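In what follows, a structure is listed as structure tokens, so that the remarks can point back to it.
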Amino acid sequence: MSLATITREIVAGNFTNDELTKIGDAIRFARSQLTQQNRRSLVVGTNVKFTNSKTGQVISGRVEKMALKFATVSTPTGRWKVPASMLTTIGE
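Just so we're aligned: the sequence shown equals residues 56 to 147 in this note's numbering.
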């Protein structure tokens, strides 16, 4: 099934509440796995970039501190507390 087909079926209401709950659980699990995988690749000193969700501006900086789900990123405009899932590593 393609993404468009799945979206169309959800919007059309062709799934039961139990099926929608299972789909939601699967999405949350997959997102959690991606976050953990991304977090393992980030260490203090890694150069990263992320997109500011309010302005759409791409901001680059260096990881200053890692927590369970968030990283503190030092940028020329200040320090940002960013979810690890939003960070992308960039070359040195």
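Virtual Cβ for every residue (Gly too), placed ideally from N, Cα, C. This one's a predicted model, so the numbers in the text were calculated from it and none came from an experiment.
Beta-carbon within less than 6 Å of residue i's beta-carbon, same chain only, minus the 5 sequence neighbours each way: which residues are those?
{"i": "Met141", "result": "Phe105"}
For residue i versus residue j, is the C-beta spacing smaller than 8 Å?
{"i": "Thr60", "j": "Val103", "result": "no"}
{"i": "Thr121", "j": "Leu89", "result": "Checking the displayed sequence, the identity of residue 121 turns out to be Met instead of Thr. Cβ atoms of Met121 and Leu89: not closer than 8 Å."}
{"i": "Ile78", "j": "Ser115", "result": "no"}
With residue i and residue j assumed to form a contact (beta carbons below 8 Å), what rounded beta-carbon distance in angstroms separates them?
{"i": "Arg134", "j": "Glu119", "result": "7 Å"}
What's the call for residue i, buried or exposed, on a 16-neighbour Cβ count within 10 Å?
{"i": "Ala81", "result": "exposed"}
{"i": "Val137", "result": "buried"}
{"i": "Ala139", "result": "buried"}
{"i": "Ala67", "result": "exposed"}
Any heavy atom of the ligand SAM closer than 7 Å to the CB of residue i?
{"i": "Thr127", "result": "The ligand SAM is absent from the structure shown, which contains no ligands of any kind."}
Grab me the residues of residue i's own chain with a C-beta within less than 7 Å of its C-beta, minus the 5 sequence neighbours each way, in chain order.
{"i": "Val113", "result": "Lys104 and Thr106"}
- [ ] Output the residue ranges of the beta strand (DSSP E) runs that lie fully inside the region 106–138 and measure 3 residues or longer, sorted by chain position.
- [x] 113–121, 125–130 and 133–138
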